[in-house]
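Visitor: Residue numbers (this note's numbering): 18 to 672.
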Amino acid sequence: MAFICVRLKLPVLVGFMLTGILIGPFGLGLIKELEAIELLAEIGVMLLLFTIGIEFSLKRLATMKTLVIVGGGLQVFLTIGITALIATGFGRSFGQSIYFGFLVALSSTAIVLKTYADRREIDSPHGRAGVGILLFQDISIVFMMLAIPLLVGTDSNSPTDVAIKLGSSLLALVMIVLAARFLIPNILELVVNLRSPEVLLLAAALISFGTAWISQQFGLSLALGAFIAGVILSESEYSYQINAEILPFRDIFNSIFFVSIGLLLSVSSLIENLPTVLFWVGSLIILKILIVWATVKVIGYPHRIAAMTALGLAQIGEFSFVLAKAGKGTALLPEVDYQVFLAASIISMFVTPFLIAIAPRFGDLLQKLFSDGSKEFGDETEEIHVTASGELINHVIIAGYGLAGRSLARVLNTVHVPYTILELNAEVIRRAKKKGEKINFGDVTRQEILKHVRIEDANALVLAISDPQAQRTAVQQARKLSEDIYIIVRTRFEADIAELVALGANHVVTEEFETSIEIFSLVLHKYGVASNVIQKQISRVRRGAYQILRSPSLPADTGISDLDSALSAAATDTVRIRKNSPVVGQTLAELDIRGKTGVSIIAVIQNGETIVSPGGDFELKRNDVLALLGESEKVDVAIKILRPPKKKKVRIKPE
């Protein structure tokens with residue numbers, strides 16, 4: 018089933034669950050022992066949470082604190098609250114209603130990240146927003162698991178009893194974390210010193226199972242202990258090596274968990290309750306879309322990004338299965354409700370790739386519906402700033418303020434070229450404004466925003482964003498508004514060039530290709546190949562790779578190939594005159610470097626001033642930089658003349 022799902026471009030995790038349904042006691046009956054299934058599911062949960070914990074990064078959490086704390090916090094608490102109100106309206110108890118909120122609040126980290134990665138959307142605005150919310154959900158699972166024993170007894174225990182239970186659970190959790198925090202690094206250091214990958218892998222597994230067992234002895238769950246062990250290992254100095262050793266087994270651990278979920282689903286119960294299941298699937302997806310959309314809008318993103326994020330997080334998550342297993346068989350989740358929940362969750366996961374696929378079109382549609390002339394927070398209401406000239410004339414529009422956008426803005430500011438920046442990440446905007454950058458909140462895919470930054474008067478539009486769909490839409494919209502603007506797009510893969518050019522881009526720079534050029538350039542430099550020869554090779558490679566960008570009106574042969582052959586025999590290089598060089602104080606006529614070597618001095622940089630084609634009476638000084646032109650071997654000879662003579666080593670013979 019997993020193979021079929023991959024061929025159909027569906028999440029492989031859905032295939033694992035369908036495999037469990039097929040071979041389980043409610044399917045073909047290949048596995049019938051319910052006790053064995055329960056044990057397998059328990060191990061699967063523990064291994065899943067351990068692998069997720071070891072990939073968890075507290076440092077990454079710190080860099081996305083606004084998205085995680087504000088976005089994730091709003092989404093989780095709103096979902097719990099609204100779901101609890103709805104469940105209470107259906108006659109459920111307070112504890113059960115809160116528990117249902119826990120189940121609905123979580124989305125699938127595994128499916129969403131895998132789908133975004135396949136579509137190259139992890140670093141897009143909606144990808145970052147989704148990841149931020151998912152990170153908070155991953156953190157909140159710890160407190161949800163602590164709360165489940167309390168929710169079971171909310172209707173029979175007094176508030177004092179509940180407070181005592183909560184306090185003892187938190188105390189146990191703190192003791193486990195502190196013990197693991199101080200013991201695990203010492204254990205790992207001893208193991209690493211053995212220099213055996215096998216022993217390191219076994220030690221990591223022992224730490225996971227050991228922490229899980231200790232957690233259970235304190236009245237907490239095995240899964241929670243395994244997650245704590247994973248997080249502590251992720252923050253150790255040996256985390257990369259441990260992750261590398263565990264990586265081959267991660268997918269096996271995940272498959273065990275999701276197969277075990279399928280084993281527990283009753284097909285007969287699904288068929289019997291099909292109308293109820295479909296109703297709850299539709300209700301859950303709509304509810305989650307509305308809550309996530311509202312949350313992302315509150316953070317400051319436009320409707321398009323909010324809608325795309327909402328469709329991506331509309332499913333039930335794998336952590337919800339962990340919570341469902343913890344509540345199964347108690348008053349929180351009777352067997353009938355458990356079967357309905359499993360079926361609804363699996364269906365919601367199944368439709369996730371389709372929802373993510375239609376998300377861009379849905380976002381564009383929603384953006385148009387809300388673009389009725391009213392002003393939105395963060396775009397038209399904010400003044401558009403332009404540096405240097407203070408005018409939106411002959412300027413450059415930079416979309417995206419990542420590394421490429423920051424570098425371009427810095428250079429344009431240095432050479433006094435006017436520009437304006439559009440960015441969707443509120444955290445980035447706040448940091449940039451604190452540093453004095455004139456940066457604006459705005460979605461480059463929207464015509465209103467492009468008009469507001471006067472695209473008709475701009476010289477160039479540079480798309481330094483990571484969202485492939487937004488790149489295509491922005492090129493299309495920009496070309497509609499201005500036939501003359503020069504559009505440069507930075508993309509990751511060469512496969513994107515043709516479509517972007519067809520939509521109207523003038524030049525497409527691919528990270529994949531430019532990286533390869535930089536690598537072979539460094540290699541050629543290492544082997545002493547002249548700079549102009551390297552540049553010629555770079556130009557040739559670029560012409561071959563970016564041939565789609567070449568104008569069809571250029572003649573096929575203009576004699577340039579003959580010029581290329583002539584130039585390839587020449588080399589250019591630079592040399593600095595050192596203080597002890599014999600040529601300091603000489604004029605170029607006295608030096609007569611051309612007569613001695615056949616090499617020409619085509620320029621000299623002296624005291625920060627560049628002198629092109631200096632005359633014979635030009636006097637060389639210390640720290641002058643000379644640009645030389647000639648055949649490669651002769652340039653090497655000229656450089657030896659210009660450099661100080663090597664000091665001879667004096668050997669003192671022993672008496």
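Glycine is no exception: its CB is placed at the ideal position from the N, C-alpha and C atoms.
Helix, strand or coil: which one does DSSP assign to A405?
Guide: Low per-residue confidence applies at A405: pLDDT is 39, beneath 50, and the placement is therefore not dependable enough to give any value.
Visitor: Considering only the alpha carbon of each residue, which of L359, S110, L200 lies closest to V121?
Guide: Answer by Cα proximity: L359.
Visitor: Just to confirm my understanding: we take L608, look at its own chain, exclude 5 residues before and 5 after, and list those with CB closer than 6 Å. What are they?
Guide: Once the five neighbours on either side are set aside, the close Cβ partners of L608 are V600.
Visitor: Buried or exposed, going by whether 16 or more other CB atoms sit within 10 Å of the CB of R463?
Guide: Buried, because 16 or more other Cβ atoms sit within 10 Å of the Cβ of R463.
Visitor: Looking at the structure shown, is G453 part of a helix, part of a strand, or coil, going by DSSP?
Guide: DSSP places G453 in coil when its eight states are reduced to three.
Visitor: Closest to L223 by C-alpha separation, out of L241, I201, L281, L328, would be which residue?
Guide: Of the candidates L241, I201, L281, L328, the one whose C-alpha sits nearest the C-alpha of L223 is I201.
Visitor: Considering just the uninterrupted stretch of the beta strand (DSSP E) at Q623, what are its terminal residues?
Guide: Here the beta strand (DSSP E) through Q623 covers 617-623.
Visitor: List, from N- to C-terminal side, the alpha helix (DSSP H) runs of 4 residues or more that fit wholly inside the stretch 311-344.
Guide: Counting only runs of 4 or more, we get 320-329, 335-344.
Visitor: Can you tell me whether L646 is helix, strand or coil according to DSSP?
Guide: Strand.
Visitor: According to DSSP, simplified to helix, strand and coil, what is V29?
Guide: The answer is helix: DSSP assigns V29 an H, G or I state.
Visitor: Only counting the same chain, and skipping five residues up and downstream in sequence, which positions put a Cβ closer than 7 Å to that of E397?
Guide: Low confidence applies to E397: its pLDDT is 38, below 50, so where it sits in the model is not reliable enough to give any reading.
Visitor: Does the stretch 448-456 come close enough to the stretch 471-484 to have 3 or more Cβ pairs within less than 8 Å?
Guide: Because the criterion of three Cβ pairs below 8 Å is not met, the stretch 448-456 and the stretch 471-484 do not touch.
Visitor: Relative to the C-alpha of R509, which residue among F33, Q493, E289, P485 is closest?
Guide: When only C-alpha atoms are compared, the closest one is P485.
Visitor: Could you check whether R507 and V526 sit closer than 7 Å to each other, using their CB atoms as the reference points?
Guide: Closer than 7 Å, so yes.
Visitor: Run through DSSP, which three-state label would P662 get?
Guide: Looking at P662 - three-state DSSP - the assignment turns out to be coil, as it is neither helix nor strand.
Visitor: Since V368 is in the alpha helix (DSSP H), which residue starts that stretch and which ends it?
Guide: Note, V368: alpha helix (DSSP H), 352-387.
Visitor: Suppose only complete runs of 4+ residues qualify. What are the alpha helix (DSSP H) ranges in the stretch 69-147, listed by chain order?
Guide: If we require 4 residues or more, the alpha helix (DSSP H) runs fully inside the stretch 69-147 come out as 75-80, 90-106, 111-122, 126-135.
Visitor: Exposed or buried, E672, counting other C-beta atoms within 10 Å across all chains shown (16 or more means buried)?
Guide: Here the model assigns E672 a pLDDT of 46, short of 50, so the residue's position is not dependable and the matter cannot be decided.
Visitor: Start and end of the alpha helix (DSSP H) containing V492?
Guide: Note, V492: alpha helix (DSSP H), 485-498.
Visitor: Can you tell me whether DSSP reads R1 as helix, strand or coil?
Guide: As shown, the chain starts at 18 and ends at 672. That puts residue 1 outside it, with no answer to give.
Visitor: Under the rule that 16 or more other beta-carbon atoms within 10 Å means buried, what is G612, buried or exposed?
Guide: Classification for G612: exposed.
Visitor: With distances taken from CA atoms, which of I622, G108, F117 is nearest K345?
Guide: The residue with the shortest Cα to Cα distance from K345 is F117.
Visitor: Could you compute how far the alpha carbon of L168 sits from the alpha carbon of I115?
Guide: Using only the alpha carbons, I get a separation of about 8 Å.
Visitor: So is Q494 buried or exposed if we call it buried at 16+ other beta carbons inside 10 Å?
Guide: Q494 should be labelled buried.
Visitor: Using C-beta distances below 7 Å, list every residue in its chain close to S429, excluding the 5 sequence neighbours before and after it, in chain order.
Guide: Per the sequence shown, residue 429 should be read as Leu rather than Ser. Cβ neighbours of L429 beyond the five flanking positions: V413, Y436.
Visitor: Could you check which residue in V216, N203, K131, A196 has the C-alpha nearest to that of A229?
Guide: The shortest C-alpha separation from A229 is found at A196.
Visitor: Could you tell me which of L66, S125, Y503, V309 sits nearest to I333, measuring between CA atoms?
Guide: Taking only the C-alpha atoms, the option nearest I333 is S125.
Visitor: Less than 7 Å separating the beta-carbons of L643 and V629?
Guide: No, the Cβ-Cβ distance between L643 and V629 is not below 7 Å.
Visitor: For R507, write down the residues that DSSP places opposite it in a beta bridge.
Guide: BP columns for R507 point to V526.
Visitor: Let me check one thing: in DSSP terms, what residues is T591 bridge-paired to?
Guide: DSSP lists A644 as partners of T591.
Visitor: Measuring only the C-alpha atoms, how far is V31 from F20?
Guide: V31 and F20: Cα-Cα distance of roughly 11 Å.
Visitor: Answer yes or no: do A15 and V93 have a C-beta to C-beta separation smaller than 7 Å?
Guide: Past the boundaries of the shown model lies residue 15; the chain is included only from 18 to 672, so the question cannot be answered.
Visitor: Exposed or buried, which one is Q552 when buried takes at least 16 other CB atoms within 10 Å?
Guide: It counts as exposed.
Visitor: Would you mind stating whether R423 and Q384 have Cβ atoms separated by less than 7 Å?
Guide: Cβ distance not < 7 Å, so R423 and Q384 don't count as in contact.
Visitor: What whole-angstrom Cβ distance do I273 and A443 have, given they're in contact under 8 Å?
Guide: No, I273 and A443 are not in contact; Cβ-Cβ is about 40 Å, not under 8 Å.
Visitor: Do I514 and L478 count as a contact pair if the criterion is CB distance below 7 Å?
Guide: No, they are not a contact pair.
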